[in-house]
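A short write-up of the structure that comes next.
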Amino acid sequence: MFGKTAGEALVDLLIDWGVEHIYGMPGDSINSIIEALRKKQDKIKFIQVRHEEAGALAAAAYAKLTGKLGVCMAIAGPGAIHLLNGLYDAKLDKAPVLAISGQVETDLLGTDFFQEVNLERMFDDVAVYNQRIMSAEQLPAVVNQAIRMAYTKKGVSVLTIPDDVPKFEVKSGARVTNTSFTLPELFPQKEDLDAAKLAINEATKPVILAGKGAKHAKESLLALAEHIGAPIVLTLPAKGVIPDEHPLCIGGLGLIGTKPSYEAMKHADTLIMVGTSYPFTGFLPEKAKTIHIDTDPAQIGKRYATDIGLAGDADKTLRWLIENVEKHTDHSFLEHHQEMMKKWEEKLHDQEEDSSIPIKPQRVMHTLQQVAHDDAILSVDVGNVTVWTARHFRMTNQQFIISSWLATLGCGLPGALAGKIAFPDKQVFAVCGDGGFGMTMNDFVTAVKYKLPIVVVVLNNNKIAMIKFEQEVMGNIEFGTDLTNPDFAKYAEACGGIGYRVENLDELLPAFESAVKQSRPCIIDVVVDANEAPMPAKITFGQAAGYTKHMIKELFEEGKIDLPPL
Numbered sequence: 004m005f006g007k008t009a010g011e012a013l014v015d016l017l018i019d020w021g022v023e024h025i026y027g028m029p030g031d032s033i034n035s036i037i038e039a040l041r042k043k044q045d046k047i048k049f050i051q052v053r054h055e056e057a058g059a060l061a062a063a064a065y066a067k068l069t070g071k072l073g074v075c076m077a078i079a080g081p082g083a084i085h086l087l088n089g090l091y092d093a094k095l096d097k098a099p100v101l102a103i104s105g106q107v108e109t110d111l112l113g114t115d116f117f118q119e120v121n122l123e124r125m126f127d128d129v130a131v132y133n134q135r136i137m138s139a140e141q142l143p144a145v146v147n148q149a150i151r152m153a154y155t156k157k158g159v160s161v162l163t164i165p166d167d168v169p170k171f172e173v174k175s176g177a178r179v180t181n182t183s184f185t186l187p188e189l190f191p192q193k194e195d196l197d198a199a200k201l202a203i204n205e206a207t208k209p210v211i212l213a214g215k216g217a218k219h220a221k222e223s224l225l226a227l228a229e230h231i232g233a234p235i236v237l238t239l240p241a242k243g244v245i246p247d248e249h250p251l252c253i254g255g256l257g258l259i260g261t262k263p264s265y266e267a268m269k270h271a272d273t274l275i276m277v278g279t280s281y282p283f284t285g286f287l288p289e290k291a292k293t294i295h296i297d298t299d300p301a302q303i304g305k306r307y308a309t310d311i312g313l314a315g316d317a318d319k320t321l322r323w324l325i326e327n328v329e330k331h332t333d334h335s336f337l338e339h340h341q342e343m344m345k346k347w348e349e350k351l352h353d354q355e356e357d358s359s360i361p362i363k364p365q366r367v368m369h370t371l372q373q374v375a376h377d378d379a380i381l382s383v384d385v386g387n388v389t390v391w392t393a394r395h396f397r398m399t400n401q402q403f404i405i406s407s408w409l410a411t412l413g414c415g416l417p418g419a420l421a422g423k424i425a426f427p428d429k430q431v432f433a434v435c436g437d438g439g440f441g442m443t444m445n446d447f448v449t450a451v452k453y454k455l456p457i458v459v460v461v462l463n464n465n466k467i468a469m470i471k472f473e474q475e476v477m478g479n480i481e482f483g484t485d486l487t488n489p490d491f492a493k494y495a496e497a498c499g500g501i502g503y504r505v506e507n508l509d510e511l512l513p514a515f516e517s518a519v520k521q522s523r524p525c526i527i528d529v530v531v532d533a534n535e536a537p538m539p540a541k542i543t544f545g546q547a548a549g550y551t552k553h554m555i556k557e558l559f560e561e562g563k564i565d566l567p568p569l
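Just so we're aligned: the sequence shown equals residues 4 to 569 in our numbering.
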């Protein structure tokens, strides 16, 4: 560590922590760090992105997919500002990310110099650890602490490094600390476990709501559900925790959920929440006794009144419950909702086989399902495309990532870049709407540059369609949602990739079958029906009334009326 420049020490520490690549854009305030990366490019790769936002989103996606530290880097001023969207995605989805930002030289700080921004203040809200490094000797200990905090707090650490510091030599006397971290093993208290045991024993209509915190507990989750006859409902971030077509799974919850899950929550007398702090509490039971399992005690009862909190690891806690809770012999509640789920699936299959033109987005998801491998990665963007993927792509063992809590448009493509870099031998799809893809489409050339054969599926309806339907449900006339798009297939070719333009059904499956065989990145630009509404599982009176008001306004103010697909 001693006798190196601080820039070289930084790169060596990242390598020691197991970091394999960094996303970023070179620039004058980080040139010394870039040079140190060049010298070690056989051990750590620098992935040049075309916009720092995409780099931060990719770092967050990499952390979500692997559990490992995602790292991104930017210059002082504008570059650092561009990182914020991706860093907030990491913060809200609890992904360990390290952001390294350049800064003006130390003797220029506080002088309103060119590109000087108060980065400590700017990053303060997004970061669990936020430090400026002012000397070469300070750097090793602060870097280690930043990474340790990102892992243990499941969040963002930010290091701001003035331009001159990486050039300085790390002299003897610098504090040496560990490049490692340890997490405690949490297990609930005995009295809480006993209370949960009693509540589950007395339950006649139990429901399990599983979040992404249950991802490592698949077998125990299924075993408990079978043991007590409870249907399993999945939050969106938990899609794929168990197979969508498993008999115990009755789908997602909320506006993008299923009718069986809505009805199960409505009638449940006991709710077991596992690894989730689900925000839309209007879809949760009004009177059920609630048991909440989470490794973070601060999440228990955070959004929904909890009767029994079990602060502990999901897998170990579920296994204790399986061993101690009485086996339920009456599975009538489960069986009722399984029958409902069969009817719901029949309805979905009918939609997926619709041969209308323009192509229905449900049909596109069905086609994607036909070509996707069992271990494929789906990086899904935000908007109506989220609804179509959540409902109509049935996960088996695939991985699913999305901007769950920030719900930022444009997350699909950067997530796919990260997925292919992390898992080069797996199929990787970015599933995007035209609005989301338009946000970060410039980084398709990054996939071309690094020879990442991802497949980008664009549902192209020339609309910000989710907002269109939100406006209409509110009783308003659609406004400001039309998009003027390029030909995304030709764009792919202009970037050096392969493009497919699909307007007719007979082009759909052949395009997908061809794209997954290519050694270059592809865009499948599918023209879909702009009027296909993402109808909720249960339409409320207020939603119906709002839509009726919208139609009357259109008739009298615009002189037209378009009926929804009812």
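Don't be surprised by glycine CBs; every beta carbon is placed ideally from N, CA and C.
Since we're looking at a predicted model, the values are computed, not measured.
Check your understanding: Counting Cβ pairs closer than 8 angstroms, one from the segment 403-423 and one from the segment 233-245, do we hit at least three?
Key -> yes
Review point. Where DSSP assigns a beta bridge to G502, which residues make up the other side?
Key: I526
Point to revise | 7 angstroms CB neighbourhood of K156 in its chain, flanking five on each side removed | key: V131
**Study point:** Alpha-carbon to alpha-carbon, F117 and V145
**Key:** 26 angstroms
Practice item. Quickly, what does DSSP pair D299 with across the bridge? List them, please. Key: Its beta-bridge partners do not exist; DSSP assigns none.
Check your understanding: In terms of DSSP beta bridges, what is V388 paired with?
Key -> DSSP lists no partner for V388.
Exercise for review: For L508, name the three-state secondary structure that DSSP assigns.
Suggested key: helix
Point to revise | Closer than 7 angstroms to chain C by CB, K493 | key: Protein chain content of the structure displayed is limited to a single chain, and chain C is not contained in it.
**Study point:** Close-in-space but distant-in-sequence residues of the same chain around V461 (CB under 8 angstroms, 5 per side omitted)
**Key:** C435, G436, D437, F440, F491, I526, I527, D528, V529
Check your understanding: Does the Cβ of E140 have 16 or more other Cβ atoms within 10 Å, making it buried, or fewer, making it exposed?
Key -> buried
Review point. What are the boundary residues of the beta strand (DSSP E) that V463 is part of?
Key: The displayed chain sequence assigns Asn, not Val, to residue 463. That run of the beta strand (DSSP E) goes 458-463.
Review point. Just how far apart, CA to CA, sit E11 and K48?
Key: 14 angstroms
Exercise for review: Evaluate M442 with the Cβ neighbour count: other Cβ atoms within 10 Å of its Cβ, from every protein chain shown; 16 or more gives buried, anything less gives exposed.
Suggested key: buried
Review point. Along the chain, where does the beta strand (DSSP E) that runs through R53 open and close?
Key: Premise fails: R53 is in no beta strand (DSSP E) and is neither H nor E.
Review point. By a C-beta neighbour count over all protein chains shown, 10 Å radius and 16 as the cutoff for buried, is F286 buried or exposed?
Key: buried
Exercise for review: Go through the segment 270-345 residue by residue and report every complete run of the alpha helix (DSSP H) that reaches 4 residues or more, in order.
Suggested key: 317-327
Practice item. Below 8 angstroms on the Cβ atoms is my guess for Q365 versus Q354; work out the distance and round it to an integer in Å. Key: 4 angstroms
Point to revise | Euclidean distance between Cα positions of A102 and A153 | key: 10 angstroms
Point to revise | Extent of the continuous beta strand (DSSP E) to which G105 belongs | key: 100-106
Check your understanding: Count the other CB atoms within 10 Å of the CB of E188; is the residue buried (16 or more) or exposed (fewer)?
Key -> exposed
**Study point:** Inter-stretch contact at 8 angstroms, needing at least 3 Cβ pairs: the segment 382-394 / the segment 453-469
**Key:** yes
**Study point:** For M76, the three-state DSSP class (helix, strand or coil)
**Key:** strand
Check your understanding: Does the segment 88-102 come close enough to the segment 71-79 to have 3 or more Cβ pairs within less than 8 angstroms?
Key -> yes
Review point. Would DSSP call A193 helix, strand or coil?
Key: A small fix is needed here, since residue 193 is Lys in this sequence, not Ala. Of the three classes helix, strand and coil, the one that applies to K193 here is helix, per DSSP.
Review point. L17 to L40, Cα distance in whole Å?
Key: 10 angstroms
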